[in-house]
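In this note's numbering, the protein residues as written are -19 to 272.
Pasting the structure below:
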């Protein structure tokens, strides 16, 4: 996908949400070990890669999800992180979505000139259950980031974040069920409660997928097809576009880039029509894979 940057791969499980990690599952399918952590060879410098015309492959204004097969604040990646930060500094015209289960490590892993945060960084913590929400969100509130969000995926239990949303720092909440080996069920009422909490504070809530096992009104649905999961999440009506999240992006000379010069997402007329992720994704990359 054009919106993912994996500067390193592999991870160490650290909480309940890791039990059935999708990365570990996919690595096993390739006869690999998800615990093997390594810097990617061709993907590390992805944000500054250029096309044949000499333009950046990642356009100004796009949002890039970082370390989707690892954790950006993983201790084993300490030697590579400074270089990754430098790439994000160079691409101050691009939004970088950081997600971690290790917020306790973040403060000591920030660049020395971080100050109160960089405008192009969107920092998120994973809260798969109430225990992890109560552990990680208070740390999130104390960290110096201009943009903050929460990922409740895989959602494996009810999560009440009302008191945290009331503080006004959280701009977005993403939610999804679990997939692949041993998928634990996600319940409709858990998602609905989070949706209602986010609506109360006008925070964007994106229910991206049901997961393989979804329970509603006492009935269990098994949905192995991720495209169908996304479609059902879209049809649930449990998505809310909250108050605008405004990123002040700049070019290499420090000039604020006008909105009309930034990337505008476009969508496939059929495949994107009922995709729940449409609320927060980069849109269609035009790769043509879904046509084949």
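All C-beta atoms in this analysis are idealised placements derived from N, C-alpha and C, irrespective of residue type, glycine included.
Check for me: the alpha helix (DSSP H) holding residue i runs from which residue to which?
i: residue 189; result: No alpha helix (DSSP H) holds residue 189; the beta strand (DSSP E) holding it covers 184 to 189.
i: residue 9; result: 2 to 9
i: residue 206; result: 206 to 215
i: residue 144; result: 142 to 145
Please confirm whether residue i and residue j have their CB atoms less than 8 Å apart.
i: residue 13; j: residue 160; result: no
i: residue 76; j: residue 46; result: yes
i: residue 177; j: residue 145; result: yes
i: residue -9; j: residue 51; result: yes
i: residue 248; j: residue 267; result: no
i: residue 126; j: residue -5; result: no
i: residue -14; j: residue 48; result: yes
i: residue 139; j: residue 174; result: yes
i: residue 136; j: residue 108; result: yes
i: residue 79; j: residue 131; result: yes
i: residue 231; j: residue 73; result: yes
i: residue -12; j: residue 20; result: yes
When the Cα of residue i is compared with those of the options, which residue comes out closest?
i: residue 88; options: 69, 112 and 119; result: 119
i: residue 261; options: 249, 244, 106 and 250; result: 244
i: residue 102; options: 143, 153 and 63; result: 153
i: residue 169; options: 162, 182, 181 and 155; result: 155
i: residue 157; options: 190, 130, 184 and 181; result: 190
i: residue 257; options: 235, 212 and 233; result: 212
i: residue 56; options: 33, 15 and 36; result: 15
i: residue 201; options: 187, 164, 229 and 228; result: 164
i: residue 241; options: 41, 20 and 36; result: 41
i: residue 143; options: 9, 27, 181 and 188; result: 181
What are the boundary residues of the beta strand (DSSP E) that includes residue i?
i: residue 202; result: 199 to 202
i: residue 180; result: Unbroken run through residue 180 is the alpha helix (DSSP H), 168 to 180; no beta strand (DSSP E).
i: residue 155; result: 150 to 156
i: residue 17; result: Careful: residue 17 lies outside any beta strand (DSSP E) and carries neither H nor E.
i: residue 129; result: 127 to 132
i: residue 196; result: 193 to 196
Going residue by residue through the segment 41 to 114, where are the continuous alpha helix (DSSP H) segments of at least 4 residues, counting only ones entirely within it? 58 to 70, all fully within the segment 41 to 114.
Within the chosen definition, does the segment 135 to 149 reach the segment 216 to 223 through at least 3 CB pairs nearer than 8 Å? Here the segment 135 to 149 makes no contact with the segment 216 to 223; the two share fewer than three CB pairs at distances below 8 Å.
Cβ contact (3+ pairs, closer than 8 Å) linking the segment 61 to 71 and the segment 120 to 128: The answer is no - the segment 120 to 128 does not touch the segment 61 to 71, with fewer than three Cβ pairs under 8 Å.
For the structure I just gave you, are there three or more beta carbon pairs, one from the segment 223 to 236 and one from the segment 191 to 201, closer than 8 Å? They do not touch, by the three-pair rule.
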